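Asks:
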Amino acid sequence: MITGLFNNGNFFFGDQADYLKKNKANPKGFFEDLEVNTINEDILASRLINFPEPIRRKLFPSHTFYRARWLAKIPVSIQFRTTPDIQERIEKLVQNEPFCFKDPRFSYTLPIWKNSLPPTTKFIVVYREPDKTAVSICRECSESPPLRKLKMSISRALNIWKAMYTHILKNYGKETEKQKWLFIHYNEIFESQGLERLGRFANTSLEKDFAERKISRTTNTNIDVPKDVLKIYNRLNSLSSYQ
């Protein structure tokens, strides 16, 4: 939802930023570009095993497949490789300044992109409660026929959340210009103070009426969140000053 706040006509989202159609999870759209997603899928494919679908489905049903690798649980020790072709494709995209690209796979692939990003690029990290995210992931997988094959569970979804934000915090820790990063809680985009902070950081006007709390489908849960996951969540809250 947050990317739609920047849909003010000033930013390049990609030539096919509407290829993911609106659905119950995102009734206002995803604002993710096909080429951005494809580049990130190709980066992830360089280090992840790709089983033939009959074998994957029978022996490794929880193993992600092409186009579903945003749901991969990737150890923080893995380092991804780039190629001249991938860097050329990235450079072609980032020539369209100012741009605004969104993809959960950036949690893992950002170090590859940073090789080609303009020095003025800023990074926005949006997060929400891990239990609510886990419920949302499971719902998305149950409602999407292709993703249903993954047989997603709350436990696995929490581990995916943990993996993504562990990578993000690792990348942030290596950043020498931390003022280029903004951490913001999902709940803040529904509040004037959060929107003002986001607008100042991006130095742009926002489509403030875009975010509607009523279309958020996940409410409070009774899920017992592991302590190591809560530790990451608390660290994110500290970085965003979210109470």
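With the sequence shown counted from 1, adding 110 to any position gets you this note's numbering.
Yeah, the Cβ is synthetic: ideal placement off N, Cα and C, and Gly gets one too.
Computed from a predicted structure; not experimentally measured.
Just to confirm before moving on: does the CB-CB distance between R258 and C251 stay below 8 Å?
Replies: A contact, by the Cβ cut-off of 8 Å.
Asks: Chain E beta carbons: is any one of them nearer than 8 Å to that of G283?
Replies: The structure shown contains no chain E; it is built from a single protein chain.
Asks: Below 8 Å on the Cβ atoms is my guess for V339 versus K272; work out the distance and round it to an integer in Å.
Replies: Between K272 and V339 the Cβ distance is about 5 Å, and since that is below 8 Å, they are a contact.
Asks: On the DSSP letters alone, give me the boundaries of the beta strand (DSSP E) that Y218 sits inside.
Replies: Careful: Y218 lies outside any beta strand (DSSP E), inside the alpha helix (DSSP H) at 216-223.
Asks: What do you get for R215, buried or exposed, if any count of 16 or more other CB atoms within 10 angstroms of its CB means buried?
Replies: When all chains shown are included, R215 counts as buried.
Asks: I'd like the span of the beta strand (DSSP E) that includes W271, first residue to last.
Replies: Element bounds for W271: not the beta strand (DSSP E) but the alpha helix (DSSP H), 264-284.
Asks: Would you call the segment 223-231 in contact with the segment 156-163, where contact means no fewer than 3 C-beta pairs closer than 8 Å?
Replies: No: the two stretches stay apart, fewer than three of their Cβ pairs being nearer than 8 Å.
Asks: How many angstroms separate the CA atom of D125 from the CA atom of V335?
Replies: Their Cα atoms are separated by approximately 39 Å.
Asks: Give the secondary structure of I333 by DSSP, where H, G and I count as helix, E and B as strand, and everything else as coil.
Replies: Correct three-state label for I333: coil.
Asks: Could you check where the alpha helix (DSSP H) with I112 kicks off and where it finishes?
Replies: No alpha helix (DSSP H) holds I112; DSSP gives it neither H nor E.
Asks: Do you know how far the Cα of V235 is from the Cα of L305?
Replies: Straight-line Cα distance between these residues: approximately 14 Å.
Asks: Looking at C-beta atoms only, is the number of pairs between the segment 147-162 and the segment 174-182 that lie closer than 8 Å three or more?
Replies: Output reads yes: the segment 174-182 touches the segment 147-162.
Asks: Comparing C-alpha positions only, which one of R345, S156, T192 sits nearest to I184?
Replies: It is S156 whose Cα lies nearest to the Cα of I184.
Asks: Have a look at E239 and I294 and give me their C-alpha separation to the nearest angstrom.
Replies: Spanning the two alpha carbons is a distance of roughly 12 Å.
Asks: Among the residues of its own chain, which have a CB less than 6 Å from the CB of K232, if the five just before and after it don't count?
Replies: Here the set comprises K290.
Asks: Suppose the cutoff is 7 Å on Cβ atoms and the five residues either side in sequence are ignored; what does the same chain contact list for N269 look like?
Replies: Answer for N269: K183, listed in chain order.
Asks: Measure the Cβ-Cβ separation of F190 and Y218 and say whether it is below 8 Å.
Replies: Against a cut-off of 8 Å, the Cβ pair of Y218 and F190 comes out as a contact.
Asks: Quickly, what does DSSP pair F190 with across the bridge? List them, please.
Replies: Beta-bridge pairing links F190 to no other residue.
Asks: Quick one: what does DSSP say I247 is sitting in, helix, strand or coil?
Replies: Correct three-state label for I247: helix.
Asks: How many angstroms separate the CA atom of E301 from the CA atom of T192?
Replies: Rounded to the nearest angstrom, the two C-alpha atoms are 39 Å apart.
Asks: With a threshold of 16 other CB atoms inside 10 Å of the CB of G114, please say whether the residue is buried or exposed.
Replies: So G114 counts as buried.
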